[in-house]
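Worksheet: one structure, shown below.
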Amino acid sequence: MLGIEFPELVVIAVVALIVIGPESLPKVARTMGHLWGRAQRYITGVKADISRDMALEEFRKLQEDARQSVANLDASMHQATQDLGNQIHEISNEISASKYDLGRPIPAQSMPTNEISAESLPGSELLKSESPRVDVAVHRNEIIDEHHAVMPASLEQKKSTNNG
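Listed below in structure tokens is the structure:
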């Protein structure tokens, strides 16, 4: 306590008793006690305020770090989304520019024979409608021939006369 030991306190008490006097010494001691208590409460309050301000500052730093992390995550997610969109667009362009475009007939020179593997069906097993180079009129006649092979012409004629 401020570096004052017990013998020094006894000396201070004796001097105070002589200077102040025995009549007003209890009032002075009580007042000194109140002042000492106020000083301790004030010091405790200041310490609490400093601790609170330090904790608040730490919280603000933590909050700023969290905001920065969220901003970085948002930027990386946005970049990843853009990259994915670009890759999808490139794949779409590659598919549409493919030499095996399904929407158009395949020219004879565009599909080399060495690309047809043994895993594909033999030509006899392919459906006639799958061959893109077949002429439409020939294709129609082949379908009619297949139809007559399944259903004889006499039955077909009976159906047309019954319906008409």
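First residue of the sequence shown: -6, per my numbering; consecutive thereafter. All residues carry an ideal CB built from backbone N, CA and C; glycine is no exception.
- Contact check for I13 and V7: beta-carbon distance about 11 Å, past the 8 Å limit, so the pair fails to qualify.
- In the structure shown, the three-state DSSP call for A68 is helix.
- Counted as a single uninterrupted DSSP element, the stretch harbouring A90 is not any alpha helix (DSSP H), since DSSP gives it neither H nor E.
- Annotated three-state conformation of S17 is coil, per DSSP.
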